[in-house]
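S.K.: Every letter in the sequence shown is one number past the one before it in this note's numbering, and letter 39, counting from 1, is 127. From the three backbone atoms N, C-alpha and C, an ideal C-beta is built for every residue, glycine too.
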Amino acid sequence: MTLKYIRDTYGVPAFRGTRVEYKPDKPGHPPWRGTIMSSDGPYLRIKRDGEKKTYPAPFHPEWNLTYLSEAE
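(1) Identify, in the order they occur along the chain, each residue of the same chain with its Cβ nearer than 7 Å to the Cβ of Gly129, setting aside the five sequence neighbours on each side.
(2) Based on Cα-Cα distance, which residue from Arg121, Lys92, Arg104 lies nearest to Asn152?
(3) Is Phe103 closer than 9 Å to Ile124 when the C-beta atoms are compared?
(4) Is it the case that the Cβ atoms of Tyr155 and Pro101 are separated by a distance below 9 Å?
(5) Nearest to Tyr143 by CA position, among Leu132, Glu150, Pro149, is which residue?
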């Protein structure tokens with residue numbers, strides 16, 4: 089599956105390079121920002137700001153994510 093599949097299925101602006109903010113639902117865990125790097129099946133691979141690699145777990149396109157800007 090591709091980022092196009094994610095855009096079409098979930099109606100989100102999931103492009104490589106799109107900035108997002110993730111808000112964990114666990115108390116005491118602050119939100120963080122990152123950049124969409126790729127897809128992993130129907131999930132997103134996101135690189136957190138300041139990290140060298142993508143976050144180890146994939147993200148559901150609609151779960152606790154706010155899309156900040158689309159890639160150009």
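M.R.: By the coordinates alone:
(1) Counting from one through the sequence shown, the residue named residue 129 turns up at place 41. Here the set comprises Met89.
(2) Position 64 of the sequence shown, counting from 1, holds the residue named residue 152. Cα-wise, what sits closest to Asn152 is Arg121.
(3) As a working note, residue 124 is residue 36 in the sequence shown. As a working note, residue 103 is residue 15 in the sequence shown. For Ile124 and Phe103, yes; Cβs fall inside 9 Å.
(4) Taking the sequence shown and counting its residues from 1, one reaches residue 155 at position 67. Taking the sequence shown and counting its residues from 1, one reaches residue 101 at position 13. For Tyr155 and Pro101, yes; Cβs fall inside 9 Å.
(5) Here residue 143 refers to the residue found at position 55 of the sequence shown. Nearest C-alpha to Tyr143: Leu132.
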